[in-house]
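Undergrad: Handing you a structure now.
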Amino acid sequence: MRIKRPLIWILGGWILGEIVAAGLGWQMTSASGLNLVMESRETLPVTVTGRVSRVAESASGIQITLTENQVLWNETILDTRNLLLREKANTFSPSFSSLCPGTWIRAEGELSAFPDAGNPGEFDQRKYYQQMGVDYRLDTAAWSCLQEANGAAAFSWRLRNQLKDSIVAVTHSEEATGVFRALILGDRSGLEQETKDLYEVGGITHILSISALHLTLIGNTLQKILRRLHLPRSAASIICASFLGWYVWLTGGSASSRRAFLMFCVMLLAPFAGRTYDMLSALGLAGLVLLAGQPSLAFQAGFQLSFAAVAGIGILYPLTEKPSETQKKEERGKKRSRVQLMAVRTDRALRFSLCIQLATLPVLAWNYHVISPYGLILNLAVIPLMAPLMVCVLMAAIVGLASPAMGGICALGGEGILSLYRRLCEAVSALPGSRIVTGKPHTWQMVLYLIAITVFTVVIMVRREQQKKQKMRKLEKIEKKQKVRKDSGPDCRERGISPRNLPGRNLAALLILFVCGVLFLHRVPPGQLTVTVLDVGQGDSTLIRLPEGGSILCDGGSTSVSQVGSRRIQPYLEYEGISAPDLVFISHGDEDHVNGIEELIREEGWRPGMIVTSAAAAESSRMQALKELSEAAGIPFRQMKTGDRLQCGQAVFTCLYPEAGIQAESNDQSLVLHLEYGSFSGLLTGDASSAAEEQFLPLLASMPVCWLKTGHHGSVSSTSEALLQALQPEAATISCGKNNRYGHPHPDTLKRLSEADVPVWNTAECGAIFLTWDNNQLAVRCCRHGDGD
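Count the sequence shown with the working numbering and you get residues 64 to 852, in order.
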């Protein structure tokens, strides 16, 4: 039996093999000499010699990727893969901006590993750069050029920089500058965060990455121009492929752009080999070429999205169309009206978009945990306008090199299209359900979804193959002999088919599949009580999830992590499938307990069910400002004092401290809560000191505690010996930052916990700490170590 499209099957087997190997913990690369040295060190002073392979701008400055490295340490040469070099502030070396790919340099500085993610859902720098083939970063103190890049590379890079400057000169807003540079140069460093968020809600962020859409527009246009100049087809194909290869290099060579380039080359070369172009075979070949050079690409979200989208077009979309022979026969006869043509084109575009969404849905849910459903409709307007937008941007950038004034005129058309994109995204963001938080699906959900799509595809393909001849005979008989009834509709009478075969039926089936897929891939909540002490650096944030689905967040702030709300707290909530918690407790108004919550309400449109703080802390200026912010956003704001009780689901929170109107410094205004859920109990003490503990300790005589959130980040002034003797908790957790300037957790506090035989975990070492209460047993595990009791 001859297997059709063997390349796509080999690619699928390769990716599956890598996933299984990763699941079993097998290493795809062997440990290098540098890895062995760095195991026992946080930093290493080294001298590095290598070739610049990439230069990129970031929020922290210009970064370069170095390949073909030699790392010199203590007169020992160590081997490694690629390195990322960052400019160190206050150095007298020239800027990295003068470098271009192909330059050989020598650099000195401190080598260190990338930080890993302390919480699920958080951006993991270490994993990201390992997938890119980069092992370590070097904070460069000094560097020198050993050998300049060749003339072609230097010229190309100067041209790129001139185009970037030209775009700045011809555009009339920072938003247009950032989008224009991303569209044609792949440079996203100038994009405003607000623009990124808006395009994400609209489901059109794909236009900001160089991909098949961009290369196809440029490649097809160039090929038509060359053919109009009467160049032979072979010469036109060679010139077109060479130009696109240069363009992919110039724009950074992302996985999606390299995939699109390889597939476009296959399409150009197929006629010369006497073969017809097959999208899935080209996809399989491109994937195998990329993975052969960099196997870790299989785990990169951009690679997965790019290949899943093309697979959806190549596998699912043909199943929604009639066989080509039938379609040709139906199109004979009278011409369709404009309304009919518009309906047919809209139907095809929607089916095309739905097939891409069905294929990329599990990738989006697994990597980003958020779905933008209205992108289906929005892309109907966005995609057709991409061609004129690209023309305007390219003309503006090129003409601007000679005349910024004329370039500015060319840019007006592109800025008008961007203005339309913004209005469409803003309109969509105001609609209900514009941003569906699915959470990260469990592995079994992903497997079942892929099995369901595979079974659906195979069944349709087998059924089509079986009924192909039968349908062709029926259609021929209908065309020659049978008359269609008048009530079948004018379009059906003209084409001689029955109403049930109209494309709308396929569209409805795809919509149903998409809705079912979104619902099925929602993360299933845990069936037991879970408490997660988040790693927010030097600060506090704890999420409590109830078996019935409710969620409670206790505090949310940090003094060591900037934008802790959007970078640490919200990513974990979305990982768990939570848009906003049902209830938020804020112990007091210190920065390290509240600034993340303020950020999320002010900048992210966060809407929890209620915010609660202590009656004493509520009088502070910080909490008064938060109250005004919450009420303006429509969020109820409540105070608690000693003796007050609040129930969320089956969880009961009792306030043990402070009394209303108490006069105390900020830490001793902390809300102290006793949590009860069935047989589980916990104590959250905020930053309360030992003096405050003496006041609420008598109330704990009849309140057992399984878990203690240690007060004030493990400070010596909290968690007294008397408190530990009274509580005798099964586990204690400490939230603090690594190498913090306060020395938390204090050795005396750890000694008291040890003497009381209380196991303790702290976020500085463990990352996020997960406590699970199931069958009256408490289990503890860590994000970084995965250990537990």
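We treat Cβ as the ideally placed atom computed from N, Cα and C, and that holds for glycine.
Taking just the CA atoms, how far does residue 248 sit from residue 71?
TA: Taking the straight line joining both Cα atoms gives about 31 Å.
Undergrad: Of all the CB atoms in chain D, is at least one closer than 7 Å to the CB of residue 713?
TA: Annotation note: the requested chain D is absent from the structure, which comprises a single protein chain.
Undergrad: Considering residue 814, what are the terminal residues of the alpha helix (DSSP H) in which it resides?
TA: Note, residue 814: alpha helix (DSSP H), 810-818.
Undergrad: Quick check: what's the CA-CA separation for residue 257 versus residue 184?
TA: Taking the straight line from one Cα to the other gives about 21 Å.
Undergrad: Considering only residues of the same chain and omitting the five flanking positions on each side of residue 29, which have a CB-CB separation below 8 Å?
TA: Here the chain covers residues 64 to 852 and nothing more, so residue 29 does not appear.
Undergrad: Looking at the strands, I want to know which residues DSSP matches up with residue 772.
TA: Looking at the DSSP assignment, residue 772 forms a beta bridge with 747, 796.
Undergrad: When you compare only the Cα positions, how much space is there between residue 776 and residue 822?
TA: So the two alpha carbons sit approximately 16 Å from each other.
Undergrad: Could you tell me the distance, in whole angstroms, from the CA atom of residue 165 to the CA atom of residue 115?
TA: Rounded to the nearest angstrom, the two C-alpha atoms are 5 Å apart.
Undergrad: Under the rule that 16 or more other beta-carbon atoms within 10 Å means buried, what is residue 601, buried or exposed?
TA: Buried, because 16 or more other Cβ atoms sit within 10 Å of the Cβ of residue 601.
Undergrad: With a 10 Å radius around its C-beta and 16 neighbouring C-beta atoms as the bar for buried, classify residue 520 as buried or exposed.
TA: That one is exposed.
Undergrad: So residue 270 and residue 320 are supposed to be a Cβ contact under 8 Å. How far apart are they, rounded?
TA: So it is not a contact: roughly 13 Å between Cβ atoms.
Undergrad: State yes or no: is the C-beta of residue 224 within less than 7 Å of the C-beta of residue 831?
TA: No, the Cβ-Cβ distance between residue 224 and residue 831 is not below 7 Å.
Undergrad: Along the alpha helix (DSSP H) that carries residue 480, what are the first and last residues, could you check?
TA: Looking at the DSSP string, the run of the alpha helix (DSSP H) that includes residue 480 is 467-492.
Undergrad: Flag this pair as touching only if the segment 724-735 and the segment 568-584 have three or more C-beta atom pairs under 8 Å; answer yes or no.
TA: No: the two stretches stay apart, fewer than three of their Cβ pairs being nearer than 8 Å.
Undergrad: Does the distance from the CB of residue 614 to the CB of residue 644 come in under 7 Å?
TA: Their beta carbons are under 7 Å apart, which means residue 614 touches residue 644 by this criterion.
Undergrad: Just grab the DSSP bridge partners of residue 171 for me.
TA: In DSSP, residue 171 forms a bridge with 110, 205.
Undergrad: If you check the beta carbons only, do residue 586 and residue 503 fall under 7 Å apart?
TA: Yes; because the gap between Cβ atoms is below 7 Å, this pair is in contact.
Undergrad: Let me check understanding here. Comparing Cα to Cα, which of 263, 267, 711, 98 lies closest to residue 199?
TA: For the residues 263, 267, 711, 98, the minimum Cα distance to residue 199 belongs to 98.
Undergrad: Could you tell me the distance, in whole angstroms, from the CA atom of residue 705 to the CA atom of residue 718?
TA: Computed Cα separation, rounded: 5 Å.
Undergrad: Going by Cα to Cα distance, which pick from 331, 228, 762, 623 is closest to residue 804?
TA: The option with the nearest alpha carbon to residue 804 is 623.
Undergrad: Run the CB neighbour count on residue 468, radius 10 Å, all protein chains shown included, and call it buried at 16 or more, exposed below.
TA: Flag for residue 468 reads exposed.
Undergrad: Please state if the CB of residue 841 and the CB of residue 769 are separated by a distance shorter than 7 Å.
TA: Yes. Within cutoff.
Undergrad: With a threshold of 16 other CB atoms inside 10 Å of the CB of residue 664, please say whether the residue is buried or exposed.
TA: Looking at its Cβ environment, which holds 16 or more other Cβ atoms inside 10 Å, residue 664 is buried.
Undergrad: Pull up the distance between the alpha-carbon of residue 193 and that of residue 107, whole angstroms please.
TA: Spanning the two alpha carbons is a distance of roughly 19 Å.
Undergrad: Can you give the beta carbon distance from residue 428 to residue 501, rounded, assuming they're within the 8 Å contact cut?
TA: Between residue 501 and residue 428 the Cβ distance is about 5 Å, and since that is below 8 Å, they are a contact.
Undergrad: Just reading off the alpha helix (DSSP H) that residue 297 is part of, what are its end residues?
TA: Element bounds for residue 297: 296-313.
Undergrad: Since residue 854 contacts residue 168 with CB under 8 Å, what's their CB separation in whole angstroms?
TA: Residue numbering for the chain in the displayed model covers 64 to 852; residue 854 lies beyond these limits and cannot be assessed.
Undergrad: Can you tell me which of the three DSSP states residue 395 falls into?
TA: Here the model assigns residue 395 a pLDDT of 49, short of 50, so the residue's position is not dependable, and the following value carries that caveat. Of the three classes helix, strand and coil, the one that applies to residue 395 here is coil, per DSSP.
Undergrad: Would you report the Cα separation of residue 723 and residue 648, rounded to the nearest angstrom?
TA: Those two C-alpha atoms are separated by around 17 Å.
Undergrad: Report back the beta-carbon spacing between residue 413 and residue 570 to the nearest angstrom; my notes put them in contact at under 8 Å.
TA: About 6 Å separates the two Cβ atoms, so the contact holds.
Undergrad: Cβ atoms of residue 419 and residue 375: under 7 Å apart, would you say?
TA: Yes, the pair counts as a contact, with Cβ atoms nearer than the cut-off.
Undergrad: Quick one: complete alpha helix (DSSP H) runs, 4+ long, within the segment 323-364?
TA: Entirely contained in the segment 323-364, the alpha helix (DSSP H) runs reaching 4 residues are, in chain order, 342-356.
Undergrad: Per DSSP, what kind of secondary structure is residue 591 in: helix, strand or coil?
TA: Residue 591: coil per DSSP, three-state reduction.
Undergrad: Report the three-state DSSP secondary structure of residue 554 (helix, strand or coil).
TA: For residue 554, the pLDDT reaches just 46, beneath the cut-off of 50, and the residue's location in the model is therefore unreliable, although a value from the coordinates is still provided. In the structure shown, residue 554 sits in a helix (DSSP, three-state: H, G or I).
Undergrad: Under 8 Å by Cβ, that's how I've got residue 302 and residue 289 pegged, so tell me the actual separation to the nearest angstrom.
TA: Contact flag correct, Cβ pair sits at about 6 Å.
Undergrad: Among residues of its own chain, excluding the 5 on either side of residue 563, which ones have a beta-carbon nearer than 6 Å to its beta-carbon?
TA: The predicted model places residue 563 with a pLDDT of 43, which falls under 50 and marks its position as unreliable, so this point remains unresolved.
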